[in-house]
Structure formats: C-alpha cells, structure tokens
Amino acid sequence: MSDKDTVGGSIMEDAALTVEQFCTVIAVEQEWLVRHVEEGLFTVSGTSVTEWRFSSADLRRAERMRMLERNFDAAPELAALFADLQEEMDELRARLRRAGLG
Amino acid sequence: MEFKDYYQALGVPRKAPVEEIKKAYRKLARKYHPDVSKEKDAETRMKEVNEAYAVLSDPEKRAAYDQVGKGYQPGQDFRPPPDWDSGFEFSGRGMSGAEASDFSDFFSELFGRMGAGRRAAHARGGDHLARVSLDITDAFTGSTRQVSLRAPKMDANGRVTLDTRTLNVKIPKGIREGQIIRLAGQGDPGLGEGKPGDLLLEVHFSEHPRYRVGGRDLLVTLPVAPWEAALGAVVPVELPDGTLKIRIPAGAQSGRQLRVRGRGIPANPPGDLLLEIRVVLPDASSPKARELYETMARDLAFDPRADSEV
Numbered sequence: 001m002s003d004k005d006t007v008g009g010s011i012m013e014d015a016a017l018t019v020e021q022f023c024t025v026i027a028v029e030q031e032w033l034v035r036h037v038e039e040g041l042f043t044v045s046g047t048s049v050t051e052w053r054f055s056s057a058d059l060r061r062a063e064r065m066r067m068l069e070r071n072f073d074a075a076p077e078l079a080a081l082f083a084d085l086q087e088e089m090d091e092l093r094a095r096l097r098r099a100g101l102g
Numbered sequence: 103m104e105f106k107d108y109y110q111a112l113g114v115p116r117k118a119p120v121e122e123i124k125k126a127y128r129k130l131a132r133k134y135h136p137d138v139s140k141e142k143d144a145e146t147r148m149k150e151v152n153e154a155y156a157v158l159s160d161p162e163k164r165a166a167y168d169q170v171g172k173g174y175q176p177g178q179d180f181r182p183p184p185d186w187d188s189g190f191e192f193s194g195r196g197m198s199g200a201e202a203s204d205f206s207d208f209f210s211e212l213f214g215r216m217g218a219g220r221r222a223a224h225a226r227g228g229d230h231l232a233r234v235s236l237d238i239t240d241a242f243t244g245s246t247r248q249v250s251l252r253a254p255k256m257d258a259n260g261r262v263t264l265d266t267r268t269l270n271v272k273i274p275k276g277i278r279e280g281q282i283i284r285l286a287g288q289g290d291p292g293l294g295e296g297k298p299g300d301l302l303l304e305v306h307f308s309e310h311p312r313y314r315v316g317g318r319d320l321l322v323t324l325p326v327a328p329w330e331a332a333l334g335a336v337v338p339v340e341l342p343d344g345t346l347k348i349r350i351p352a353g354a355q356s357g358r359q360l361r362v363r364g365r366g367i368p369a370n371p372p373g374d375l376l377l378e379i380r381v382v383l384p385d386a387s388s389p390k391a392r393e394l395y396e397t398m399a400r401d402l403a404f405d406p407r408a409d410s411e412v
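Each protein sequence line maps, in turn, to chains A and B.
First residue of the first sequence? That's 1 in the working numbering, and the numbers climb one at a time after it.
First residue of the second sequence? That's 103 in the working numbering, and the numbers climb one at a time after it.
Shown next, in the form of structure tokens:
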C-alpha cells in the first residue's frame, strides 16, 4: 500500500452524531431512538430531533439497551437501568486501570 | 467455509420451540457474558451464541438455515447451492456493521441479502462505524496506522458479503479515548449518483505498560529513590513525545500525585500530566547498604506508624 492510499480524517466533537448518523451506524430505527430519548432513557442536548447530538458513549449505551430489549424482552426502563450499571462498572474498571490495579 | 451448527451452539434439538431456544440463549448469555464470565473463551463463545440466536430466533432465517443445512455436520466444508435462498425474504431485524463483523463468514454467506433493496435509486451511501485500537503514543505524536476493517459490502447482485479492506489512516494528534475520526467518503458506496457515506472510526487505546489515560490526562507512575523524595530532586521522565525534567518537591511521599498542567494529551485544550510518586527502596544486600540503613534506624528515631496508633 503506497502513501497515496493514506486517508486523513477529522476528529469529531465529543457529541456530534446526528440522529440519522446514529441510527445508520448501529442499525436502529429512528422511532426507537426518539421514543427512548423522549422517555428520558438517553440524555441529549437540544430541543428538537434535528438538534440532538450523540457521542460514542451513547452508541455503546444504545447497543446494550437494544440487545437486552431484543434478546431478553427487557422493558426499556430495565434495559436502561442495566446500561446505567454497566456504565458504572466501566467507570470503576477504568479507575482501577488508572490506579494500575486493572 | 465450515458449516456451523447453530442448534449445537445453543445446546437445543433441531425441533426446539422458540421458547426453548430463547431460554437456552439466555442461560448461555449469562454464562458467557464477557463482563461477568470467568470462562477463558467467554468472548468467543458469546459471539457464537449471539450468532446462533440471531438465526434461530428469527423465523425466516431459521427456516432458510434448516433448509440449506440439511445433512451437514458441524465443521464440514459448506457451499450453499446457487440461488438456494430464492423464496425467502429476509426482512429481518436490522444489524449494524459492527455487529455483523463479529459474525462468521458462514453467517454472511447465508444471510447476505439482509438489509438490501430498500434504498432509492440515487441514495447516499450509509455511514459505517468501526472501532479501532490505537497506541496511547499515537495521541501525542499523531501517526499513520494500518486499519483492517471487516464490513458488509453489497455486490452487483445486491448480495451483502463481509469484505475485509485495509486502510492507511492518518491519526490526528490530540485524539482521545472514545472520540470519533470521520473519514469522509470511506463509508458504504452510494447508489446511482449518490455520494458514498463516511467511515467513522471510534478510537480506543490499547493497554500500555507505562502510560494510562483518564480523559485528556496522562497518568504515569514515577519511581524515585528515598533521597530524591526526601531531599527533592530534578528527574527525567520519558513521555510519548520526549523527555521532561520534573522537580520532585522535598518531603514527597509515596502515592503523592504531581500535576504538570498542559502536558497530557495535546488536545484542545490539552490535558495534564499526572505523576504518581512511588518511592523505591534500594535493597540491603551489600554491607554498605546495610550499614546505611542501620545508621538511619539508629539516628533518625523514625516511627512510620506514629499516626496509626489507637
């Protein structure tokens, strides 16, 4: 592979994914995302759907919640609680790693 | 390509009703979930179990799998007959590129048509997400990394196959854990005159023996000699982008953290460098070292447990 095959990219802001991008890359229906945001299961800034922006952490959260709803028939609120706990666990594990204990 | 026995993966008979398949999946998902499992091959097994469940829990995919898999044994070389899937309509549930890339070539060969045929004649190609593991040092110096991506790709007949492609990607200096690098036009090809989508690379750092990151901050353990900690010293610290001289304040104790502002990940704004002091004792194996320790013990009247007495 030569240098001319090298591609450069730009760093996106932390929360920069639009609703359309979000739904495309993890293959969820827009209706699913809108419903979950309106029920307070995702935190977003912006008042209208076109203004909503999401981060990579939101992608991970959506994948986890959708897996639980799809494969375990979990209620969205339960899936969100499980995602909260997994995020808490991720944070604690990251703290252990930063302390050299992970 | 090896035939995969999805019934065997879930431990259910071929005539198992949906409820039994669901129950078996949930039991195995608990056993192999990578967050909690103690099994050494948990991640691999979880992927197999997820793939088997994606097929057997979907009536269309299960029916097609049952038809084409008649007479095959697990591991046997498998070639699907041409047009074997005519008569099946895989309207099924959506699956992301990241999920599909976890699944086997066998799955891709069988269910490659899913998701095709719903786009307009001149539609823009879809954006595609991939998660990449980088070295922490890439964030300090920028670099060019070869990234291999396994992504669904649609061929001329509308069949989606898993395509492996390799890209040389310029990693911008200042990238942080969890950030996304957008590569314009490197996603799925557009249809007709539609433009291609973008490739979104979600960045994660692999573990490094010396460096850890917390957001924008770089964390480094700094071993120091007892006299450097007690008397103060200026010591060199190797960082990903060069060497930095650090002043250790006199009386520094093991575990104390020194913060050097602006010397973490060179983002905008830059993070801080956090140095955790670890006092390392010379061993007392030589007569001279032993003598020095004995002198300290005799002359310093030092009680390290003075504050811990009840």
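Even for Gly, the Cβ is constructed at its ideal location relative to N, Cα and C.
Cα-Cα separation, residue i to residue j
i: Arg128 of chain B; j: Ala74 of chain A; result: 12 Å
i: Glu63 of chain A; j: Glu104 of chain B; result: 29 Å
i: Lys123 of chain B; j: Thr246 of chain B; result: Residue identity check: residue 123 of chain B is Ile in the sequence provided, not Lys. Near 46 Å, if we compare the C-alpha coordinates of Thr246 of chain B and Ile123 of chain B.
i: Glu121 of chain B; j: Glu51 of chain A; result: 42 Å
i: Pro298 of chain B; j: Asp14 of chain A; result: 24 Å
i: Asp90 of chain A; j: Leu303 of chain B; result: 20 Å
i: Gly294 of chain B; j: Thr43 of chain A; result: 37 Å
i: Leu130 of chain B; j: Thr345 of chain B; result: 50 Å
i: Val92 of chain B; j: Leu376 of chain B; result: The first residue shown for chain B is 103 and the last is 412, placing residue 92 of chain B beyond what the model contains.
Chain A contact for residue i (CB, 7 Å cutoff)
i: Val271 of chain B; result: yes
i: Arg284 of chain B; result: yes
i: Gln281 of chain B; result: yes
i: Arg314 of chain B; result: yes
i: Asp229 of chain B; result: yes
i: Leu321 of chain B; result: yes
i: Ile379 of chain B; result: no
Nearest neighbour of residue i, chosen from the options [CA to CA]
i: Arg181 of chain B; options: B:Phe209, B:Arg164, B:Val157, B:Lys125; result: B:Phe209
i: Lys347 of chain B; options: B:Val362, B:Arg358, B:Leu394; result: B:Val362
i: Val211 of chain B; options: B:Val170, B:Ser245, B:Leu236; result: It should be noted that the sequence gives Glu, not Val, for residue 211 of chain B. Cα-wise, what sits closest to Glu211 of chain B is B:Val170.
i: Leu33 of chain A; options: A:Met12, A:Ala15, A:Ile11, A:Asp58; result: A:Asp58
i: Ala166 of chain B; options: B:Asp179, B:Tyr108, B:Glu340; result: B:Tyr108
i: Glu378 of chain B; options: B:Arg116, B:Tyr313, B:Ser250, B:Glu162; result: B:Tyr313
i: Met12 of chain A; options: B:Ala403, B:Thr345, B:Ile282, B:Leu269; result: B:Ile282
i: Gly9 of chain A; options: B:His310, B:Leu394, B:Lys272, B:Ala386; result: B:Lys272
i: Cys23 of chain A; options: A:Ser56, A:Thr47, A:Gly100; result: A:Ser56
i: Lys133 of chain B; options: B:Glu150, B:Asp290, B:Asp229; result: B:Glu150
i: Asp319 of chain B; options: B:Thr397, B:Leu341, B:Pro161; result: B:Leu341
Test: residue i CB closer than 7 Å to a CB of chain B
i: Gln56 of chain A; result: Note that residue 56 of chain A is Ser in the sequence shown here, rather than Gln. Closer than 7 Å to some Cβ of chain B, the Cβ of Ser56 of chain A qualifies, so yes.
i: Val7 of chain A; result: yes
i: Thr24 of chain A; result: yes
i: Leu101 of chain A; result: no
i: Met12 of chain A; result: yes
i: Arg97 of chain A; result: yes
i: Gln21 of chain A; result: yes
Any non-hydrogen atom of the ligand NAP within 6 Å of residue i CB
i: Ala99 of chain A; result: Ligands in the displayed structure: none, and consequently the ligand NAP is not present.
Are the stretch 32 to 42 of chain A and the stretch 70 to 80 of chain A touching, with three or more C-beta to C-beta distances below 8 Å?
-> By the Cβ criterion, the stretch 32 to 42 of chain A is in contact with the stretch 70 to 80 of chain A, since at least three pairs of Cβ atoms, one from each stretch, lie closer than 8 Å.
Every unbroken alpha helix (DSSP H) inside the stretch 11 to 86 of chain A [4 residues or more] = Runs of alpha helix (DSSP H) with 4 or more residues, each lying fully within the stretch 11 to 86 of chain A, are found at 19 to 25, 30 to 38, 56 to 72, listed in chain order.
Any contact of the stretch 268 to 282 of chain B with the stretch 234 to 245 of chain B, i.e. 3+ C-beta pairs under 8 Å?
-> Three or more pairs of CB atoms, one per stretch, sit closer than 8 Å, so the stretch 268 to 282 of chain B contacts the stretch 234 to 245 of chain B.
Mind pulling the alpha helix (DSSP H) runs of 4 or more residues that sit fully within the stretch 130 to 158 of chain B?
-> Runs of the alpha helix (DSSP H) inside the stretch 130 to 158 of chain B: 144 to 158.
Evaluate the contact criterion for the stretch 326 to 341 of chain B versus the stretch 387 to 395 of chain B: three or more CB pairs, one atom per stretch, below 8 Å.
-> Contact between the stretch 326 to 341 of chain B and the stretch 387 to 395 of chain B is absent, because fewer than three Cβ pairs lie under 8 Å.
Are the stretch 55 to 70 of chain A and the stretch 285 to 294 of chain B touching by the rule of at least three beta carbon pairs closer than 8 Å?
-> Not touching, per the Cβ criterion.
3 or more residues per run - each beta strand (DSSP E) lying fully within the stretch 317 to 370 of chain B | DSSP runs (the beta strand (DSSP E)) wholly in the stretch 317 to 370 of chain B: 319 to 326, 335 to 341, 344 to 350, 359 to 362.
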